[in-house]
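Read through the structure below, which is laid out as structure tokens, and then see the notes.
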Amino acid sequence: MTKKTYSLTQLVESIRSVINNSYGENTYWVSCELVKVNIKAGHYYLELADTQNDIHSAQMRAVIWRTQVLALQTNFGAEFHQLVQNGNRILFRVSVAFHEIYGLSLTVHDLDPAFTYGEIERKKKQTIEQLQKEGLFDLQKQLKLPLIVKKLVLVGSPDTSGYRDFLSEMCGNPIFRNFTIKEIATSVQGDKALTEICAALQEADSYAADAIVLIRGGGSKMDLNVFNDYQICKTIAQLHLPLITGIGHETDEVVADMVAHTRQITPTAVAKFLYVKVGAFRSDLQTGLDRVLTQALTQLALATEKFTNTNQYLTHYFQNIITAYRTDLQEQLHGVQLHATDCIAVQKGILELTLNRGVVAAINQVRVIKELEVPAILERVIISAKNQITLAQLHLNGLDEKLEFLNPLKLLEVGYTISSIGEV
């Protein structure tokens, strides 16, 4: 049996014919996620997908031709580029096309921003609910912002006007300028923004600072959508330092604002919040010091007045006491003098009596001595004198005998001769 065969071209042309007959020039509104955007020669080459539980359930290529890009840019302005970004869910009006070489694809003719904004709000709500469920939503609010915030870590893009406005306001305000600011540069939009912002915040949290400042400087809802991302908001919630945001949108509050410790509308408003906080502290401190000084002066005046009154009272009181004591002392002194005079008179009488008695006794004793002891003493003196005279007489007698014995006449009588030297 002969097999019926077709060339690849025949088969592909047949497929194209079926598709053209089925879809023709019809267009369809298709919701999908932009997985990849590649721009070449003004054409936008897209990768579209549907995702369920992080798994692609459908995927297809699409293209926006340059002429259509120009038409959409005219219609939506800068919003077109913000909508056609990786990760956005978007509603395209497309037609189905099949090419023999490039295969099946979609051609984009229009888009609906309202759908994308609705998706943003849906994801925003989903992020909030997930953070609340995990107990992360209010963690930053539990941190304590110092009364004076001087050491800051600034996270943002140096190329933006909001970044420059913040630094200009911090350095040029008339209230307080002595801030220490550590700058960490990061993208705030584009494909790299998500990972760079998370990394910059984690780095900022490692510094010894009073707070972290995250600024963006305004933009559309699409520009700010990165700050609704769960991963960025989770990183913010888990910071150890309080975070102050100045993302720069007056009407739309992103989830990062809600999770942060303090939210300000613009970077300039953040700067003003910081230096006014310092100024308010200094003002409160000065007011407190003035109040303390006033209170101290008032208390001092009251104490001085009380001291003066007390001093006057005590002076008068003690003068009265001293006067009373002086009077009493004088009376006691007078009494002592009288008593002393009486005592002296009594003692004088006693002394005179004693002296009189002593004189009489002495006279009597002398009389007794004269009558009794003097004769005996005289008798002893006479006896002693007689004895001394007798002894002296005996001594003289002895001497007389010695002289008599040495008499030359007596010596010659007993046979002694007288001799002279030289004459015999």
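Those letters in the sequence shown? Residues -11 to 412, per our numbering, in order. Just so you know, even glycine gets a beta-carbon here, dropped at the ideal spot from N, CA and C. The structure presented is a predicted model; accordingly, all values stated were derived computationally and were not measured.
- Query: If we ignore side chains and look at the alpha-carbon of each, how far apart do G337 and I309 end up?
  - Reply: Translated into positions along the sequence shown, residue 337 becomes position 349. Translated into positions along the sequence shown, residue 309 becomes position 321. Taking C-alpha positions only, G337 is separated from I309 by approximately 41 Å.
- Query: With a Cβ-Cβ cutoff of 8 Å, do I235 and R279 count as a contact?
  - Reply: If you number the sequence shown from 1, residue 235 lands on position 247. If you number the sequence shown from 1, residue 279 lands on position 291. Taking 8 Å as the Cβ cut-off, I235 and R279 do not qualify as a contacting pair.
- Within the chosen definition, does the segment 13 to 22 reach the segment -6 to 4 through at least 3 CB pairs nearer than 8 Å? no
- Within its chain, find whatever has a CB closer than 6 Å to the CB of V412; leave out the 5 residues flanking it on each side and keep chain order. For the purposes of this step, residue 412 is taken as the residue at position 424 of the sequence shown. Note that V412 scores a pLDDT of 42, beneath 50, so its modelled location is shaky and nothing firm can be said.
- Query: For G323, does the three-state DSSP call read helix, strand or coil?
  - Reply: Here residue 323 corresponds to residue number 335 of the sequence shown, with the count starting at 1. It is helical.
- Task: From the DSSP output, in three-state form, read off I332 for me.
- Result: Working through the sequence shown from its first residue, we reach residue 332 at position 344. It is helical.
- Task: Let me know if H249 comes out buried or exposed under the rule of 16 or more other beta-carbons within 10 Å of its beta-carbon.
- Result: Taking the sequence shown and counting its residues from 1, the one referred to as residue 249 is at position 261. Buried, because 16 or more other Cβ atoms sit within 10 Å of the Cβ of H249.
- Query: Of the choices G91, Y105, L58 and V57, whose alpha-carbon is the least far from that of R77?
  - Reply: Here residue 77 refers to the residue found at position 89 when the sequence shown is read from its first residue. Here the closest residue by C-alpha is Y105.
- Message: Here's the rule I'm using: 16 or more other beta-carbon atoms within 10 Å means buried, otherwise exposed. How should E157 be labelled?
- Response: Within the sequence shown, residue 157 is the residue found at index 169, counting from 1. Buried: at least 16 other Cβ atoms inside 10 Å.
- Reduced DSSP category for Q274 - H, G, I as helix; E, B as strand; rest coil: Stepping through the sequence shown from its first residue, residue 274 is reached at position 286. Looking at Q274 - three-state DSSP - the assignment turns out to be helix.
- Item | Close Cβ partners of I136 (< 6 Å) along its chain, the five nearest in sequence each way excluded | Counting from 1 along the sequence shown, the entry for residue 136 is found at position 148. Around I136: V266 and F269.
- Task: Would you list, in sequence order, the uninterrupted alpha helix (DSSP H) runs of no fewer than 4 residues that lie entirely inside the segment -7 to 74?
- Result: As summarised for the segment -7 to 74, the continuous alpha helix (DSSP H) elements at least 4 residues long and confined to that stretch are -4 to 11, 54 to 64 and 67 to 71, given in chain order.
- Query: For A199 versus L133, is the C-beta spacing smaller than 8 Å?
  - Reply: As a working mapping, residue 199 is identified with position 211 in the sequence shown. As a working mapping, residue 133 is identified with position 145 in the sequence shown. For A199 and L133, yes; Cβs fall inside 8 Å.
- Query: If N495 and V25 are in contact, beta carbons under 8 Å, what's the gap, nearest whole angstrom?
  - Reply: Given that the chain is displayed from residue -11 to residue 412, the structure contains no residue 495 and the question cannot be resolved.
- Task: With a 10 Å radius around its C-beta and 16 neighbouring C-beta atoms as the bar for buried, classify K180 as buried or exposed.
- Result: Translated into the one-based positions of the sequence shown, residue 180 becomes position 192. K180 is exposed by the Cβ-count criterion.
- Message: Here's the rule: buried if 16 or more other CB atoms are within 10 angstroms of the residue's CB, otherwise exposed. What is Q128?
- Response: Residue 128 sits at position 140 when you count from the first residue of the sequence shown. Buried, since its Cβ has 16 or more Cβ neighbours within 10 Å.
- Can you have a look at R110 and say buried or exposed, based on whether 16 or more other CB atoms are within 10 angstroms of its CB? Translated into positions along the sequence shown, residue 110 becomes position 122. Result: exposed.
- Message: For I116, report the span of its alpha helix (DSSP H) as first-last.
- Response: As a working note, residue 116 is residue 128 in the sequence shown. Start and end: P101 to K121.
- Task: May I ask you to report which of helix, strand or coil DSSP gives R152?
- Result: As a first step, residue 152 is located in the sequence shown; it is residue number 164 there, counting from the start. Helix, per DSSP.
- Do you know whose CA, among K113, A187 and M210, lies nearest I224's CA? Locating residue 224 in the sequence shown gives position 236, counting from the first residue. Nearest of K113, A187 and M210 to I224, Cα basis: A187.
- Message: If I measure Cβ to Cβ from K(-8) and keep anything under 7 Å in the same chain, skipping five residues before and after, which residues do I get?
- Response: Along the sequence shown, read from residue 1 onward, the residue named residue -8 stands at position 4. Non-local C-beta neighbours of K(-8) in its own chain, meaning closer than 7 Å and more than five positions away in sequence, are absent.
- Query: Which of the three DSSP states, helix, strand or coil, is assigned to K139?
  - Reply: Working through the sequence shown from its first residue, we reach residue 139 at position 151. The answer is strand: DSSP assigns K139 an E or B state.
- Item | Nearest-angstrom Cβ-Cβ length linking V18 and F80, presumed shorter than 8 Å | The residue you call residue 18 lines up with position 30 of the sequence shown. The residue you call residue 80 lines up with position 92 of the sequence shown. Contact holds; Cβ gap of about 5 Å.
- Item | For Q40 and G91, the rounded distance between their alpha carbons | Your numbering for residue 91 matches position 103 in the sequence shown. Your numbering for residue 40 matches position 52 in the sequence shown. Computed Cα separation, rounded: 25 Å.
- Between the CA atoms of E361 and N352 - distance to the nearest angstrom: As a first step, residue 352 must be located in the sequence shown, where it is residue number 364. As a first step, residue 361 must be located in the sequence shown, where it is residue number 373. Taking C-alpha positions only, N352 is separated from E361 by approximately 13 Å.
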